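In order, the protein sequence lines correspond to chains A and B.
Start counting the first sequence at 38; every next residue gets the next number (my numbering).
Start counting the second sequence at 8; every next residue gets the next number (my numbering).
Down below is the structure, laid out as C-alpha cells.
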Amino acid sequence: MATGTTAAGTAGGVLGDLPPSPAVWCSGLRKRYGRRTAVDDVSFSVGRGEVVGLLGPNGAGKTSVIKMLLGLVRPDAGEVLLLGRPSSDPRSRSAVGYLPELFRYQPWLTASEVLDLHVRLSRADVPAEERRECLALVGLAERTGDRVGGFSKGMQQRLGLAVALVARPELVVLDEPTSALDPLGRVDVRDIVLSLRARGVAVLLNSHLIGEVERVCDRVVILDRGRVAASGTLTELLGQHEVRLRLGEVGPQVEERLRATGTLTRSGDWFTVALAAEDDGVTVPDLVRDLVGLGVHVHAVEPVRISLEERLLAVLRHEEAAP
Amino acid sequence: MIVLTIAGLTLREAARRKVVWALLALTVVLLALSGWGFSRLIGLDTELGTLTSGEARLVASLLINLIMFGFSLIAAIGTAFLAGPTLAGEVESGQALAVLARPVRRSSVLLGKWLGLLTFGCGYVALAGLAQLLVVRGVVGYWPPSPAAGLALLAAETIVLLTLALLLSSAISPMASGIVAVGLFGATWVAGVVGGIGGALGNEGVERVGSVSRVLLPTDGLWRGAMNAFQDPVALVQMGPEGGFPFLADAPLSPAYLAWAVLWVAVVLGLTALSFQRRDI
Numbered sequence: 038m039a040t041g042t043t044a045a046g047t048a049g050g051v052l053g054d055l056p057p058s059p060a061v062w063c064s065g066l067r068k069r070y071g072r073r074t075a076v077d078d079v080s081f082s083v084g085r086g087e088v089v090g091l092l093g094p095n096g097a098g099k100t101s102v103i104k105m106l107l108g109l110v111r112p113d114a115g116e117v118l119l120l121g122r123p124s125s126d127p128r129s130r131s132a133v134g135y136l137p138e139l140f141r142y143q144p145w146l147t148a149s150e151v152l153d154l155h156v157r158l159s160r161a162d163v164p165a166e167e168r169r170e171c172l173a174l175v176g177l178a179e180r181t182g183d184r185v186g187g188f189s190k191g192m193q194q195r196l197g198l199a200v201a202l203v204a205r206p207e208l209v210v211l212d213e214p215t216s217a218l219d220p221l222g223r224v225d226v227r228d229i230v231l232s233l234r235a236r237g238v239a240v241l242l243n244s245h246l247i248g249e250v251e252r253v254c255d256r257v258v259i260l261d262r263g264r265v266a267a268s269g270t271l272t273e274l275l276g277q278h279e280v281r282l283r284l285g286e287v288g289p290q291v292e293e294r295l296r297a298t299g300t301l302t303r304s305g306d307w308f309t310v311a312l313a314a315e316d317d318g319v320t321v322p323d324l325v326r327d328l329v330g331l332g333v334h335v336h337a338v339e340p341v342r343i344s345l346e347e348r349l350l351a352v353l354r355h356e357e358a359a360p
Numbered sequence: 008m009i010v011l012t013i014a015g016l017t018l019r020e021a022a023r024r025k026v027v028w029a030l031l032a033l034t035v036v037l038l039a040l041s042g043w044g045f046s047r048l049i050g051l052d053t054e055l056g057t058l059t060s061g062e063a064r065l066v067a068s069l070l071i072n073l074i075m076f077g078f079s080l081i082a083a084i085g086t087a088f089l090a091g092p093t094l095a096g097e098v099e100s101g102q103a104l105a106v107l108a109r110p111v112r113r114s115s116v117l118l119g120k121w122l123g124l125l126t127f128g129c130g131y132v133a134l135a136g137l138a139q140l141l142v143v144r145g146v147v148g149y150w151p152p153s154p155a156a157g158l159a160l161l162a163a164e165t166i167v168l169l170t171l172a173l174l175l176s177s178a179i180s181p182m183a184s185g186i187v188a189v190g191l192f193g194a195t196w197v198a199g200v201v202g203g204i205g206g207a208l209g210n211e212g213v214e215r216v217g218s219v220s221r222v223l224l225p226t227d228g229l230w231r232g233a234m235n236a237f238q239d240p241v242a243l244v245q246m247g248p249e250g251g252f253p254f255l256a257d258a259p260l261s262p263a264y265l266a267w268a269v270l271w272v273a274v275v276l277g278l279t280a281l282s283f284q285r286r287d288i
C-alpha cells in the first residue's frame, strides 16, 4: 500500500515542482450490484512507469475496479485519480489507453479507421505513419484496410491492443489482454508491456496468466471477493521461501526440531519446512547440523522458492495472513 | 468536435450497414408504384363517371397524404430501429467500452448519435418526400400549397420519434426500445384518428383522446400539420371540416404546439443524457 506516498504525489501534481502524481490512485472504492457487493473498500495505486498486476479469481471484482477507474461504472463510494485528475473529469482519460475484457470494435470500419476514430476521440496528434506502426506492432500490418467484422477474435484483441496504444498513452489498462491470443500473441503482449515500462508508461494488467504477471509486473494487487487480499512488490509477496528435505529414520524428536524452524508438511520421506521471510542465512545450515546430530540420514536438501501462483492460492485459500 | 465525430460515425454506420441502399431501393419502388397509380387516376371510370383532371388532383391530394404517411412510417421505423442498437446495443456488445473510456463526455456521444440519426432520418424524409411530390406533379399536375413546411413537419415527426427511441434505448434493451417506440407512434396515430371520429360525432370525451395523445407524444400532431400543408384546401371544403377522415387535417399547426414539440424533444433528450450518464457500462 503506498497511500502515504500517493497523497504526497497528488499534492506534487498541484505544486508542479514535486514528482508527478501516480498514474492511478484510488481509495475506498465500493460497488454493489443489487444485494451483491462486487467491490468493497479497494485502495491501491500505480506509480508512473510502474507495471502493476491485478490478480484474483473469477468474480473477485477486478473488471469492476478497472471500469470504476475509467469512469465506465459509477462507484457507490470512493475516489479515483487518473494521472492526477479525478475520474469524473473526462480529461483524466486523455492519456489513458484501455483494452477492455469484452473487446468489440465497429465491425463496419476497417482496422485503420478504428484507430483513426480513437485518435480523434482522444484529441491526440498522431501522424498516419505512427498509426500504421502501431498496427504493425500488434501484427496487423497486412490487415489495415480490412473490415473488423471479418476479423477473428484473436485479431480483434490485437486491434484492441493497438487502440489502447495508439494515442501515446501515459497509462495503459489491459483487462485480460491475452484471453483470445495464441502463445505467440502472448509473447507479443509480454514484449509490448515490457517496452511500455521501458518507455516510462504505467501499465495496469489484469490477467489470469500468473506466469505472465510474474514476468512483467513490478507489483501485484490480489483481489478476493471484492477486497484487496494482499498487495506488494513481487519480492515482498514472494519473499517467503521453503526448504525441502529427504530424510530417513525420522522420530518425534526430529519432527519437533523441524517444526521449531517453521510450518511442516510431509509427503512420504520428503519434508517441507516454510521459512521466515527474513532469513538470517544460518537457519538451514543449523537445521541440517541438528538433524545430523540427532542421527537422521539426510539424503537431500533443496531450497524451494514460492511461485506467485502458490502465493496467490495460499492467499485465496486463507492459508496465511496477508501482508 | 466529439459531437461531430460521433455524428459522422453514426452516418457512416448507416451507409456501411447498407441501410441507405435498402431504403433507397424501397423508396424507388414506392415512387414508381405511386407514379403508376396516380397516372391511372386520370380518366378512371368510377360509378360517378370518369374522373376529370380537377377531380383527379383532388383525389391525388388525399392520396399524397396517404403515401407521405407511408414515408413517415418508413422513416419512423427506420430511425427507431437504428436508434435502439446505437446506445443499448453498443453497451450490450461492449463497443461502447473503448469509446467511452476516451476523454469524452457521455452527453457529447449521445448528442453526436442524435445528430447523426437526425441527419439521416430528416435527409431521407426530405428527399423521398420531395421526390414523391415531383412524381405527383409530373403525373397529375398537383402541387401542394406549402411543400417545404410539410416536409419540415414530417422531418420533425421523425426527430420526435428517434429522440424517444434514444431515451428508451438508454434504459431498455435495443430490440425492446425499437418496438416500444414504433408501438407508441402507432398508438398515438390511432388515438388521433379516434379523436377525429370523436370530433365528427361531437363527443368531447372521445375527441380529448386525440388531443391528450398529441401532447404526450407530438408525432401525430406534427403529422397532422404536415398533412395540412400537403392537402388541397378544396378537399377540406368538399369532405367537410368535421369529417374525421384520417388523411385530412382541418387546421395548420399552432406556433404554441410547435414550441411544445421543440420543448418535448429538448426535455426527452435531457432525460436521455441523464439516464445515459448514470448508466454502468
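Beta carbons: idealized from backbone N, C-alpha and C, even for Gly.
For clarity, every value in this text was computed on a predicted model and none was experimentally measured.
DSSP three-state assignment for residue i, whether helix, strand or coil
i	result
D68 (chain A)	The identity of residue 68 (chain A) in the sequence shown is Lys, whereas the question assumes Asp. Correct three-state label for K68 (chain A): strand.
V258 (chain A)	strand
G41 (chain A)	Any reading at G41 (chain A) needs caution, since the residue's pLDDT is 45, under 50, leaving its predicted position unreliable; the model's value is listed next. Residue state, collapsed to three classes: helix.
Y264 (chain B)	helix
A359 (chain A)	Because A359 (chain A) sits at a pLDDT of 44, beneath the cut-off of 50, its placement in the model cannot be relied upon, and the following sentence gives the value as read from the coordinates. In this structure, A359 (chain A) counts as coil in the three-state DSSP scheme.
P206 (chain A)	coil
N223 (chain B)	Asn is not the amino acid found at residue 223 (chain B); the sequence shown has Leu there. L223 (chain B) falls in the helix class under three-state DSSP.
D212 (chain A)	strand
Y63 (chain B)	In the sequence on display, residue 63 (chain B) carries Ala and not Tyr. Note: A63 (chain B) maps to helix in three-state DSSP.
L278 (chain B)	helix
V88 (chain A)	strand
G49 (chain A)	Low confidence applies here, because G49 (chain A) scores a pLDDT of 44, under 50, leaving its location unreliable; read the following figure in that light. Correct three-state label for G49 (chain A): helix.
A217 (chain A)	coil
G237 (chain A)	coil
G228 (chain B)	helix
N95 (chain A)	coil
T181 (chain A)	coil
V111 (chain B)	coil
V213 (chain B)	helix
Beta strand (DSSP E) segment containing residue i, residue limits
i	result
R392 (chain A)	The structure shown does not extend to residue 392 (chain A), since chain A is modelled only from 38 through 360, so no value can be given for it.
P340 (chain A)	H334 to R342
E116 (chain A)	A114 to L119
D77 (chain A)	R73 to V83
W307 (chain A)	W307 to A311
G269 (chain A)	R264 to T270
Cβ-Cβ separation, residue j to residue i (assumed contact under 8 angstroms), whole Å
i	j	result
P240 (chain B)	P152 (chain B)	7 angstroms
L122 (chain B)	A21 (chain B)	So it is not a contact: roughly 13 angstroms between Cβ atoms.
T279 (chain B)	L124 (chain B)	In fact, because the Cβ distance is near 12 angstroms, the residues do not count as touching under 8 angstroms.
A337 (chain A)	E87 (chain A)	That pair is no contact at about 40 angstroms.
G65 (chain A)	G115 (chain A)	4 angstroms
L171 (chain B)	G232 (chain B)	No, L171 (chain B) and G232 (chain B) are not in contact; Cβ-Cβ is about 18 angstroms, not under 8 angstroms.
E147 (chain B)	R64 (chain B)	Just to set this straight, residue 147 (chain B) is Val in the shown sequence, not Glu. Sure, about 6 angstroms apart at Cβ, within 8 angstroms.
R184 (chain A)	P220 (chain A)	That belief does not hold up - the Cβ atoms of R184 (chain A) and P220 (chain A) are roughly 27 angstroms apart, past 8 angstroms.
Proximity winner among the options, relative to residue i (alpha-carbon distances)
i	options	result
A148 (chain A)	A:R72, A:E179 and A:P164	A:E179
I103 (chain A)	A:T272, A:R85, A:V133 and A:V325	A:V133
L139 (chain A)	A:K190, A:D162 and A:I229	A:K190
R256 (chain A)	A:L275, A:G263, A:R262 and A:H245	A:L275
P56 (chain A)	A:G121, A:V333 and A:Q143	A:G121
T34 (chain B)	B:G61, B:Q139 and B:A67	B:Q139
H334 (chain A)	A:E346, A:R283 and A:E347	A:R283
S282 (chain B)	B:V66, B:L30, B:G77 and B:S176	B:S176
R342 (chain A)	A:T298, A:V280 and A:L350	A:V280
R85 (chain A)	A:L345, A:P123 and A:A235	A:A235
R73 (chain A)	A:P59, A:L324 and A:G96	A:G96
L62 (chain B)	B:Y149, B:L224 and B:G203	The residue asked about is misnamed: residue 62 (chain B) is Glu in this sequence, not Leu. Here the closest residue by C-alpha is B:Y149.
Proximity test, residue i beta-carbon vs the ligand SAM heavy atom, cut-off 8 angstroms
i	result
S216 (chain A)	This structure lacks the ligand SAM, and indeed carries no ligand of any kind.
Limits of the unbroken alpha helix (DSSP H) element including residue i
i	result
D153 (chain A)	A148 to L158
R23 (chain B)	I9 to R23
A198 (chain B)	P181 to L208
A172 (chain B)	P154 to A178
A39 (chain B)	V26 to L48
A168 (chain A)	First, the residue type needs correcting, since residue 168 (chain A) is Arg and not Ala in the sequence shown. First-last of the alpha helix (DSSP H) with R168 (chain A): A165 to L174.
G330 (chain A)	T320 to G330
### Message
So, does the segment 143-156 of chain A touch the segment 113-130 of chain B, judging by three or more C-beta pairs under 8 angstroms?
### Response
In short, these stretches do not touch, since the Cβ pair count stays below three.
### Task
Could you say if the segment 181-193 of chain B and the segment 59-75 of chain B meet the contact criterion of at least three C-beta pairs nearer than 8 angstroms?
Inter-segment contact for the segment 181-193 of chain B and the segment 59-75 of chain B is absent: fewer than three beta-carbon pairs are separated by less than 8 angstroms.
### Task
Taking 8 angstroms as the threshold, find out whether the segment 127-138 of chain B comes into contact with the segment 155-172 of chain B through three or more Cβ pairs.
With a cut-off of 8 angstroms, the segment 155-172 of chain B and the segment 127-138 of chain B count as touching, because enough Cβ pairs lie within range.
### Query
Can you find at least 3 beta carbon pairs, one from the segment 243-253 of chain A and one from the segment 211-224 of chain A, that sit closer than 8 angstroms?
Contact holds: three or more Cβ-Cβ distances are below 8 angstroms.
### Query
Do the segment 263-275 of chain A and the segment 77-92 of chain A touch if we need at least three Cβ pairs shorter than 8 angstroms?
The count of Cβ pairs closer than 8 angstroms, one atom from the segment 263-275 of chain A and one from the segment 77-92 of chain A, reaches three, so the stretches are in contact.
### Message
When you compare the segment 191-200 of chain B with the segment 101-117 of chain B, are there three or more beta-carbon pairs, one atom per stretch, that lie closer than 8 angstroms?
### Response
Using a C-beta cut-off of 8 angstroms, the segment 191-200 of chain B makes no contact with the segment 101-117 of chain B, since fewer than three inter-stretch Cβ pairs fall below that distance.
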